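Those protein sequence lines, which keep their order, are chains A and B.
Heads up: the first sequence at position 22 corresponds to 29 in the working numbering, and the numbers run straight through without jumps.
Heads up: the second sequence at position 164 corresponds to 171 in the working numbering, and the numbers run straight through without jumps.
For every residue, glycine included, the Cβ atom is placed at its ideal position computed from N, Cα and C.
Only a predicted model underlies this, so the values are computations on that prediction, with no experimental measurement involved.
Read the structure below first, then the notes.
2 protein chains.
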Amino acid sequence: MNLAINIDELREARISLTGKVGLVPTMGYLHEGHLSLIRQAKAECEHVILTIFVNPTQFGANEDLSKYPRDMERDLALVKPLGVDLVWTPSAEIMYPTGYQTWVEVEAVSYPLEGANRPGHFKGVATVVAKLFNVTQPDKAYFGQKDAQQVAVIRRMAVDLNFPLDVVVCPTVREADGLAMSSRNKYLEGEYRKAAGVLFKALSAAKLLYEGGERSGEVLKGKMKEVLANEPLAELQYVSCADYDTLKELAIVKGKTLLSMAVLIGKTRLIDNFVLG
Amino acid sequence: MNLAINIDELREARISLTGKVGLVPTMGYLHEGHLSLIRQAKAECEHVILTIFVNPTQFGANEDLSKYPRDMERDLALVKPLGVDLVWTPSAEIMYPTGYQTWVEVEAVSYPLEGANRPGHFKGVATVVAKLFNVTQPDKAYFGQKDAQQVAVIRRMAVDLNFPLDVVVCPTVREADGLAMSSRNKYLEGEYRKAAGVLFKALSAAKLLYEGGERSGEVLKGKMKEVLANEPLAELQYVSCADYDTLKELAIVKGKTLLSMAVLIGKTRLIDNFVLG
Chain A
8 MNLAINIDEL REARISLTGK VGLVPTMGYL HEGHLSLIRQ AKAECEHVIL
58 TIFVNPTQFG ANEDLSKYPR DMERDLALVK PLGVDLVWTP SAEIMYPTGY
108 QTWVEVEAVS YPLEGANRPG HFKGVATVVA KLFNVTQPDK AYFGQKDAQQ
158 VAVIRRMAVD LNFPLDVVVC PTVREADGLA MSSRNKYLEG EYRKAAGVLF
208 KALSAAKLLY EGGERSGEVL KGKMKEVLAN EPLAELQYVS CADYDTLKEL
258 AIVKGKTLLS MAVLIGKTRL IDNFVLG
Chain B
8 MNLAINIDEL REARISLTGK VGLVPTMGYL HEGHLSLIRQ AKAECEHVIL
58 TIFVNPTQFG ANEDLSKYPR DMERDLALVK PLGVDLVWTP SAEIMYPTGY
108 QTWVEVEAVS YPLEGANRPG HFKGVATVVA KLFNVTQPDK AYFGQKDAQQ
158 VAVIRRMAVD LNFPLDVVVC PTVREADGLA MSSRNKYLEG EYRKAAGVLF
208 KALSAAKLLY EGGERSGEVL KGKMKEVLAN EPLAELQYVS CADYDTLKEL
258 AIVKGKTLLS MAVLIGKTRL IDNFVLG
C-alpha cells in the first residue's frame, strides 16, 4: 500500500497503476460504510485509490470542521487488509494553496434539503471532487447512498462537465438498529445513541405505506414526521419526498424516488434516506 | 482527418490517438492565429485535436452570438493540410443539454478588464474549456496570447482544479500594420480597418517608453491613451498595466507585466496586449 501526500507523489504513483482504477474519496475516520465502498471498488477495478481529506471548503462557518473526528493511524490499519493500492492524504495547503480561486457549482440539485441548510456546502463538495477526479484520474468513483444529495450533485457534475468516469453509488451500511453508519455517530452517547434509531424507523414506516400502495408525497412525509415526533430527543430539520435525480419535491410519487430527512439528536445532526421505485 | 460531432464519436476516435495529444480549442472562422496554434501543437505532440464550437455561454445578452462569423467548410479546408487528426464540432445541444446546471468560476483574475466589461464571460469560458479538457483529455492545450485574460483565467483554472495537462500560450499573430488577427476583424471595413491599427501603435509607443526605462504604470497607460486619442474612430474602453498572472494593476512595473486595452472601432470591439518583462 503506497502512501502519497503531495500531488506530484500521487501522480508519480498513479502512472504505474495500469488497468481500471477505482477511486474512493473519503474524509477519513473510516467505518464499515467506507470499507464497503473499498470492497466494491476492489471487486470492479484492478486498482483502488483511497483519498482521506477533511475538506475545509464544504464546512460552514458554524460547522464542526475543527472537531471533525480524525484518526489516520486507525484508518490506515483498517484499509491495509483490503488491498488498497494507493492512499492519498493531502493537506489543506496542498489542495487550496495561496491564490486558490476556482469553484465548481452545480445549481438546481444543490439548492434544496442539505443545500438549503448548509449554504456553500455543495460548492465545496463539487470543487474538491473535481480536483480529486483530475488528480487521481479514476475509471470509476465510489460514493455512498447515505449522502443522497451529495451523490445527486456529483452525478450531475460528472455528466455536465463530461468527466471520463462512472460514478458508482453503493448502498448505505447500517448498525443493527438501522442507524446509518457515519463518522458523526461518534458524537452519540447513551440515550442519544438509542434515540438515533428513530430515523430508520421513520423511513421504514413511510416505506411500508409506499409498499402498501400509498403514492402521496404529503402522506409519506406525514408518516415520517409522525414517527419522529414520538422521539423526544429528535428535532426535525426537514423531511423530503423527491425525485431521485432532480430532488424536486413530489406531490405524487412516480419513478425512482428519494425519501430523506435531517434530524438533530441533541447537538448531532444526522441525515438518512431510502430510495423507492 | 477524422470528424466528430457527438461526444461518443469523439471519445471513440480519441482512444486510437496514442502518444501526446495537443488540443486547439477554437470558435471557428479560423485565421492565421489559429493556424499558428495548430502548427505549434503539431510540432510538440503526436496528435492534434481541433475543436470548433461557438460557445453560447460566454456571450452576453447584448453581444454578437447570432452574428458571430461561421464558415465550417472554409475552416475544414484550411486545417486539412496541417495534419489535424481529429476535428470536433459539437452543437450547443450536445454541450448544454436540457437540465445542464454546472459552472466553473475562476474568481479574482476574472473580475477586472474584460470581466468587468463582459459579465459572465469568463464563467462561460472556464466552463466550456473544462468540458473540452474532460472530453478530449489532451496532454497540452494551446491558446493565443491575444486573449490575455482568457489565458490567465484558463491557466489559473488548470492549476486550481489540477487538470493533468499543460496550458501552452502562443504569440499573437498580426497583420502587416500590427492589427492582431481576430475573427471579429471581418467586421472592419475601409477607414475602420485602417483606424484599427491604432491599438498596435498605442501598445508599441508604451513599450518604447518601457524599454527606455519607464516603470510607472500611470505613465505607460497615459501614453497608450494619448495615442488612442489621436484616432477619431477609436473609442477607449480601458487601458491596463497589470501583473501578468494576477491582472492586478501595477503602480510600478516589476516582473512579467501585461499592457492591455479594449477599444471600440465603430461598432467593433477590439482587444490587444503586449507582454513586458
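Original post:
T64 of chain B versus chain A: which residues are under 7 Å apart at the beta carbon?
Top reply: Reading the second sequence from its first residue, position 57 is the one you call residue 64 of chain B. Those within 7 Å of T64 of chain B in chain A number zero; the least Cβ separation is about 12 Å.
**OP:** Indicate whether at least one CB of chain B lies closer than 8 Å to the CB of I14 of chain A.
**Re:** Walking along the first sequence from the start, residue 14 of chain A turns up at place 7. I14 of chain A counts as touching chain B.
Subject >> the stretch 112-124 of chain B: positions lying closer than 8 Å to chain A by Cβ >> reply: Across the stretch 112-124 of chain B, CB contacts with chain A closer than 8 Å involve E112, V113, E114, A115 and V116, in sequence order along the chain.
Original post:
Is there contact between the stretch 187-198 of chain B and the stretch 220-228 of chain B, where contact requires at least three CB pairs shorter than 8 Å?
Top reply: Too few Cβ pairs lie closer than 8 Å, so no.
Original post:
If we ignore side chains and look at the alpha-carbon of each, how far apart do L10 of chain B and Y245 of chain B end up?
Top reply: Within the second sequence, numbered from 1, the residue matching residue 10 of chain B stands at position 3. Within the second sequence, numbered from 1, the residue matching residue 245 of chain B stands at position 238. Taking the straight line from one Cα to the other gives about 40 Å.
**OP:** Using a threshold of 8 Å, state whether the C-beta atoms of Q108 of chain A and V132 of chain B are closer than that.
**Re:** Along the first sequence, one-based indexing puts residue 108 of chain A at 101. Along the second sequence, one-based indexing puts residue 132 of chain B at 125. Contact flag unset, no.
**OP:** Quick one: using the 10 Å Cβ neighbour count with 16 as the cut-off for buried, is T313 of chain B buried or exposed?
**Re:** No information on residue 313 of chain B is available, as it lies outside the stretch 8 to 284 that chain B covers here.
Original post:
Does the beta carbon of K263 of chain A sit closer than 8 Å to a beta carbon anywhere in chain B?
Top reply: As a position in the first sequence, residue 263 of chain A is number 256, starting the count at 1. It does not; no Cβ of chain B falls within 8 Å.
**OP:** Give a yes or no on contact between the stretch 200-209 of chain B and the stretch 77-90 of chain B, applying the rule of three or more CB pairs nearer than 8 Å.
**Re:** Between the stretch 200-209 of chain B and the stretch 77-90 of chain B there are fewer than three inter-stretch CB-CB distances shorter than 8 Å, so the stretches are not counted as touching.
**OP:** Could you check the C-alpha separation between E256 of chain B and C248 of chain B for me, to the nearest Å?
**Re:** For the purposes of this step, residue 256 of chain B is identified with residue 249 of the second sequence, where counting begins at 1. For the purposes of this step, residue 248 of chain B is identified with residue 241 of the second sequence, where counting begins at 1. About 6 Å.
Original post:
Can you give the beta carbon distance from T58 of chain B to L172 of chain B, rounded, assuming they're within the 8 Å contact cut?
Top reply: Within the second sequence, numbered from 1, the residue matching residue 58 of chain B stands at position 51. Within the second sequence, numbered from 1, the residue matching residue 172 of chain B stands at position 165. Not confirmed; about 14 Å, so no contact.
**OP:** Starting from T109 of chain B, find everything on chain A with Cβ-Cβ shorter than 8 Å and list it in chain order.
**Re:** As a working note, residue 109 of chain B is residue 102 in the second sequence. Within chain A, the residues near T109 of chain B are V111, E112, V113, E114, A133, R163, M164, D167 and L168.
Original post:
Per DSSP, which one or two residues make a beta bridge with S223 of chain A?
Top reply: Working through the first sequence from its first residue, we reach residue 223 of chain A at position 216. Beta-bridge analysis with DSSP links S223 of chain A to A:I259.
**OP:** Could you check how far apart the C-beta atoms of P142 of chain A and L17 of chain A are, in whole angstroms? I think they sit under 8 Å.
**Re:** Taking the first residue of the first sequence as position 1, residue 142 of chain A is located at position 135. Taking the first residue of the first sequence as position 1, residue 17 of chain A is located at position 10. For clarity, residue 142 of chain A is Val in the given sequence; the question names Pro instead. The pair is a contact, with the Cβ atoms about 6 Å apart (cut-off 8 Å).
Original post:
Counting only beta-carbon atoms, is N141 of chain B nearer than 8 Å to chain A?
Top reply: One-based indexing of the second sequence puts residue 141 of chain B at position 134. Residue-level contact check: N141 of chain B touches chain A, since one or more beta carbons of chain A fall below 8 Å from its beta carbon.
Subject >> Proximity to I272 of chain A [Cα-Cα], best of A:R191, A:W110 and A:L120 >> reply: Taking the first residue of the first sequence as position 1, residue 272 of chain A is located at position 265. It is A:R191 whose Cα lies nearest to the Cα of I272 of chain A.
Original post:
Cβ of K153 of chain A within 8 Å of Cβ of T179 of chain A?
Top reply: Along the first sequence, one-based indexing puts residue 153 of chain A at 146. Along the first sequence, one-based indexing puts residue 179 of chain A at 172. Yes, the pair counts as a contact, with Cβ atoms nearer than the cut-off.
Original post:
Are P145 of chain B and G40 of chain B closer than 8 Å when you measure CB to CB?
Top reply: Taking the second sequence and counting its residues from 1, the one referred to as residue 145 of chain B is at position 138. Taking the second sequence and counting its residues from 1, the one referred to as residue 40 of chain B is at position 33. No, these two residues do not count as a Cβ contact at 8 Å.
**OP:** Determine the contact status of K263 of chain B and G229 of chain B, defining contact as a CB-CB distance below 8 Å.
**Re:** Here the question's residue 263 of chain B lines up with position 256 in the second sequence. Here the question's residue 229 of chain B lines up with position 222 in the second sequence. No, Cβ-Cβ distance for K263 of chain B and G229 of chain B is not below 8 Å.
Subject >> the stretch 42-59 of chain B in contact with the stretch 88-103 of chain B per 3-pair CB rule at 8 Å >> reply: Yes, since at least three Cβ pairs between the stretch 42-59 of chain B and the stretch 88-103 of chain B fall closer than 8 Å, the two stretches touch.
Original post:
Rounded to whole angstroms, how far is the Cβ of G67 of chain A from the Cβ of G127 of chain A, which I believe are closer than 8 Å?
Top reply: In the first sequence, the residue the question calls residue 67 of chain A occupies position 60. In the first sequence, the residue the question calls residue 127 of chain A occupies position 120. About 6 Å; that satisfies the 8 Å criterion.
**OP:** Give the DSSP-derived three-state secondary structure of V116 of chain A in the structure shown.
**Re:** Residue 116 of chain A sits at position 109 when you count from the first residue of the first sequence. Helix.
Subject >> Counted within 10 angstroms of its Cβ, other Cβ atoms place L215 of chain B as buried (16 or more) or exposed >> reply: Numbered from 1 along the second sequence, position 208 holds the residue referred to as residue 215 of chain B. By the neighbour-count criterion, in which 16 or more other beta carbons inside 10 Å mark a residue as buried, L215 of chain B falls on the exposed side.
Subject >> CB contact below 8 Å: A155 of chain B versus chain A >> reply: As a position in the second sequence, residue 155 of chain B is number 148, starting the count at 1. Answer no: the Cβ-Cβ gap between A155 of chain B and chain A never drops below 8 Å.
Original post:
Would L265 of chain B pass as a contact of A187 of chain B if the rule is Cβ separation under 8 Å?
Top reply: Taking the second sequence and counting its residues from 1, the one referred to as residue 265 of chain B is at position 258. Taking the second sequence and counting its residues from 1, the one referred to as residue 187 of chain B is at position 180. For L265 of chain B and A187 of chain B, no; Cβs fall outside 8 Å.
**OP:** Determine whether the Cβ of P171 of chain B lies closer than 8 Å to any Cβ atom of chain A.
**Re:** Taking the first residue of the second sequence as 1, we reach residue 171 of chain B at position 164. Output row for P171 of chain B: interface = yes.
Subject >> Proximity of L44 of chain A and Y149 of chain A at Cβ, strictly below 8 Å >> reply: Counted from its first residue, the first sequence places residue 44 of chain A at position 37. Counted from its first residue, the first sequence places residue 149 of chain A at position 142. Closer than 8 Å, so yes.
Original post:
Helix, strand or coil: how does DSSP classify I12 of chain B here?
Top reply: Locating residue 12 of chain B in the second sequence gives position 5, where the first residue counts as 1. Looking at I12 of chain B - three-state DSSP - the assignment turns out to be coil, as it is neither helix nor strand.
Original post:
Going by alpha carbons, who is nearest to V260 of chain A out of A:R162, A:L240, A:E53 and A:E225?
Top reply: Translated into the one-based positions of the first sequence, residue 260 of chain A becomes position 253. For V260 of chain A, the closest of A:R162, A:L240, A:E53 and A:E225 by C-alpha to C-alpha distance is A:E225.
Original post:
Does the beta carbon of Q244 of chain B come closer than 8 Å to any beta carbon on chain A?
Top reply: As a position in the second sequence, residue 244 of chain B is number 237, starting the count at 1. Judged by the 8 Å Cβ criterion, Q244 of chain B is not in contact with chain A.
Subject >> Nonlocal neighbours in the same chain, by C-beta distance under 6 Å from E53 of chain B, ignoring five residues either side >> reply: Position 46 of the second sequence, counted from the first residue, corresponds to residue 53 of chain B. Closer than 6 Å at Cβ, skipping near neighbours: G26 and K27.
Original post:
By a C-beta neighbour count over all protein chains shown, 10 Å radius and 16 as the cutoff for buried, is G35 of chain A buried or exposed?
Top reply: Sequence index remark: in the first sequence, residue 35 of chain A carries index 28 (1-based). Around the beta carbon of G35 of chain A, 16 or more other beta carbons sit within 10 angstroms, so the residue counts as buried.
**OP:** Can you check the stretch 147-225 of chain B for any alpha helix (DSSP H) of at least 4 residues that lies completely inside it and give the ranges in chain order?
**Re:** 155-167, 197-202 and 205-218
**OP:** Starting from the Cα of C177 of chain B, find the closest Cα among B:M8, B:V31, B:L24 and B:S23 and give me that residue.
**Re:** The residue given as residue 177 of chain B occupies position 170 in the second sequence. Checked all of B:M8, B:V31, B:L24 and B:S23; the closest Cα to C177 of chain B is B:V31.
Original post:
For L42 of chain A, does the three-state DSSP call read helix, strand or coil?
Top reply: Looking up residue 42 of chain A in the first sequence gives position 35. Here L42 of chain A sits in helix by DSSP.
Subject >> Beta-carbon neighbours of K138 of chain B, restricted to chain A and to distances below 7 Å >> reply: Numbered from its first residue, the second sequence carries residue 138 of chain B at position 131. L168 and N169, listed in chain order.
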